[in-house]
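Student: Taking full-length UniProt numbering, I'd label the letters of the sequence shown as residues 1 to 348.
Beta carbons: idealized from backbone N, C-alpha and C, even for Gly.
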Amino acid sequence: MNRPLKDILNELQRTTRSSPQYIEAMLSALKQAIPFDASCCTAVDPKTLLSIGAVTDDQIEAIHPQLFELEYTQEDVNRFEALIHARQTAAILSESVKGDFRQSKRYSNIFGPAGYEDELRAILLSKGECRGYLTLLRKRGQPLFTEKDKSLLASLAPLIGRHLQQFRHHLSKKDVFHMKHVGGILILSEDLQPLSCNRAALHWLNILRGWERIGSDAVPRPVRAVCTRAAAETADPAKTVISIPGHSCLSIKASRLDGFGPSGQIAVSFEPASPAETIPLIAEAYNLSDREKDIVYRVIRGLSTKAIGDELHISAYTVQDHLKSIFLKTGAGNRRELMWKLLDDVLE
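Right, here's the structure in full:
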């Protein structure tokens with residue numbers, strides 16, 4: 001008797017060590033239930049919806065930069081952000097365009113010339129937040145995706161999203177070269193070709209390439225994502241935070257340069273994530289509820305139990321009950337130990 005696919009995915013989450021390994025194994029298992037010719041699965045930062053790592057098939061690696069640019073800068077059928085706003089977990093391209101693929105820029109400009117036709121994509125939600133995007137492709141001449149395929153993927157998407165969330169929130173270890181590799185700077189051309197960088201940036205580029213298992217000349221997806229967003233939005237830098245096993249949480253920021261040199265260049269900085277960026281990840285790693293996070297942030301600010309209750313409009317007794325739950329989840333015995341656990345990964 002065949003094992004349920006959900007059981008297989010749960011086992012893969014327990015037995016793989018990183019999100020790229022999990023994604024590769026998950027796609028292999030999924031292919032047995034929903035045949036496809038190519039795929040791409042991208043983990044995203046739920047706050048910015050920017051890529052924090054992706055696994056793509058070799059045959060679509062060449063078109064991946066075009067997909068990034070279209071997804072982040074242009075309107076098209078079934079854009080991931082549109083699916084999120086509509087709370088539509090999965091969508092089939094052929095169904096959305098009623099068989100007329102020319103209605104999709106993605107098909108006309110990218111998929112069609114590359115020999116692909118139909119697309120099944122899903123948003124990977126966990127706790128109401130998007131944790132990733134999944135795209136399955138079939139070549140021209142293959143059967144179109146069906147409602148059965150879409151329903152199955154929609155049923156699995158929240159489970160995959162939860163697994164991606166769990167991988168992101170594995171507490172990272174200290175990078176022994178933490179202080180040596182601060183202040184990474186990378187400059188890219190308008191078409192996102194690397195122009196120059198310092199040693200710290202080269203260190204992080206190599207870490208990201210190894211994590212995503214891509215070539216030494218490829219631009220890692222998180223870097224490409226923030227650059228694409230920055231190129232489209234000149235006012236504010238684009239930013240994402242990545243938790244890479246074995247390393248400190250990394251903040252990647254990109255800004256468009258339009259000053260004294262050639263216009264359109266992009267500057268990317270690599271820095272250890274700040275406490276404000278890292279503490280939410282650590283709080284989620286301990287599976288704290290939203291209310292417990294509210295209380296933790298106020299404990300870090302040094303507020304008393306009464307002051308926390310006043311700010312949150314709850315009684316001091318309720319605050320104490322939440323603190324007991326927080327201590328149980330984190331293994332802290334008191335407020336001081338709690339602050340040490342939350343801040344140690346950030347400040348050491």
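Find out if the Cβ-Cβ distance for the pair glycine 53, alanine 43 is shorter than 8 angstroms.
Tutor: Going by C-beta atoms, glycine 53 is nearer than 8 angstroms to alanine 43.
Student: For leucine 137 versus alanine 38, is the C-beta distance shorter than 8 angstroms?
Tutor: Yes.
Student: Quick one: grab the DSSP three-state call for lysine 98.
Tutor: If DSSP states are grouped into helix, strand and coil, lysine 98 belongs with coil.
Student: Under a three-way DSSP split, which group does proline 275 fall into?
Tutor: Helix at proline 275.
Student: With a threshold of 7 angstroms on Cβ separation, who are the neighbours of lysine 306 within its own chain once the five nearest residues in sequence on each side are excluded?
Tutor: These residues qualify, in order along the chain: Ala316.
Student: Taking 8 angstroms as the limit between beta carbons, can you name the residues of its chain near alanine 230, skipping five residues before and five after?
Tutor: Excluding positions up to five away in sequence, the list reads Pro237, Ala238, Ala254, Ser255, Arg256 and Ile266.
Student: Below 8 angstroms, can you find three or more Cβ-Cβ pairs linking the stretch 282–289 to the stretch 202–217?
Tutor: No, because fewer than three Cβ pairs between the stretch 282–289 and the stretch 202–217 fall closer than 8 angstroms, the two stretches do not touch.
Student: Hey, could you find the ends of the beta strand (DSSP E) residue 355 is sitting in?
Tutor: Residue 355 lies beyond the stretch modelled for the chain, which goes from 1 to 348, so this question has no answer here.
Student: Can you give the Cα-Cα distance for aspartate 76 and leucine 124, rounded to whole angstroms?
Tutor: Each residue's Cα considered, the two are about 19 angstroms apart.
Student: Can you have a look at threonine 73 and say buried or exposed, based on whether 16 or more other CB atoms are within 10 angstroms of its CB?
Tutor: With fewer than 16 other Cβ atoms within 10 Å, it is exposed.
Student: Using CA coordinates, which residue listed in Val226, Thr330 and Ser104 is at the minimum distance from leucine 192?
Tutor: Taking only the C-alpha atoms, the option nearest leucine 192 is Val226.
Student: For the stretch 92–109 against the stretch 2–21, do three or more pairs of beta-carbon atoms, one drawn from each stretch, fall closer than 8 angstroms, so that the two count as touching?
Tutor: Result no; under three Cβ-Cβ pairs closer than 8 angstroms.
Student: Nearest-angstrom Cα distance between phenylalanine 101 and arginine 140?
Tutor: When rounded, the distance between both Cα atoms is 11 angstroms.
Student: Excluding sequence positions up to five away, which residues of its chain have a Cβ less than 7 angstroms from the Cβ of leucine 153?
Tutor: For leucine 153, where only same-chain residues beyond five positions count, the Cβ hits under 7 angstroms are Ile34, Ala90, Leu120 and Ala122.
Student: Could you check what DSSP says for glutamate 190 in three-state terms: helix, strand or coil?
Tutor: It is coil, neither helix nor strand.
Student: Can you tell which of Ile279, Leu303, Ser304 and Gly302 has the C-alpha that lies nearest to the C-alpha of lysine 293?
Tutor: Nearest option by C-alpha distance: Ile279.
Student: Relative to the C-alpha of tyrosine 297, which candidate in Ile314, Thr318, Pro275 and His313 has its C-alpha closest?
Tutor: Minimum Cα distance to tyrosine 297 is reached at Pro275.
Student: Is DSSP giving lysine 47 helix, strand or coil here?
Tutor: Lysine 47 falls in the coil class under three-state DSSP.
Student: Using the three-state DSSP reduction, which class does isoleucine 300 fall into: helix, strand or coil?
Tutor: Of the three classes helix, strand and coil, the one that applies to isoleucine 300 here is helix, per DSSP.
Student: Looking at proline 272 and serine 248, is the spacing between their C-beta atoms short of 8 angstroms?
Tutor: Yes. Within cutoff.
Student: Here's the rule I'm using: 16 or more other beta-carbon atoms within 10 Å means buried, otherwise exposed. How should proline 245 be labelled?
Tutor: Exposed.
Student: If you follow the beta strand (DSSP E) that serine 19 is part of, which residue opens it and which one closes it?
Tutor: Per DSSP, serine 19 belongs to no beta strand (DSSP E); it is in the alpha helix (DSSP H), 19–33.
Student: Is the beta carbon of tyrosine 133 sitting closer than 8 angstroms to the one on phenylalanine 167?
Tutor: No, Cβ-Cβ distance for tyrosine 133 and phenylalanine 167 is not below 8 angstroms.
Student: In whole angstroms, what separates the C-alpha of serine 18 from that of glutamate 212?
Tutor: Those two C-alpha atoms are separated by around 10 angstroms.
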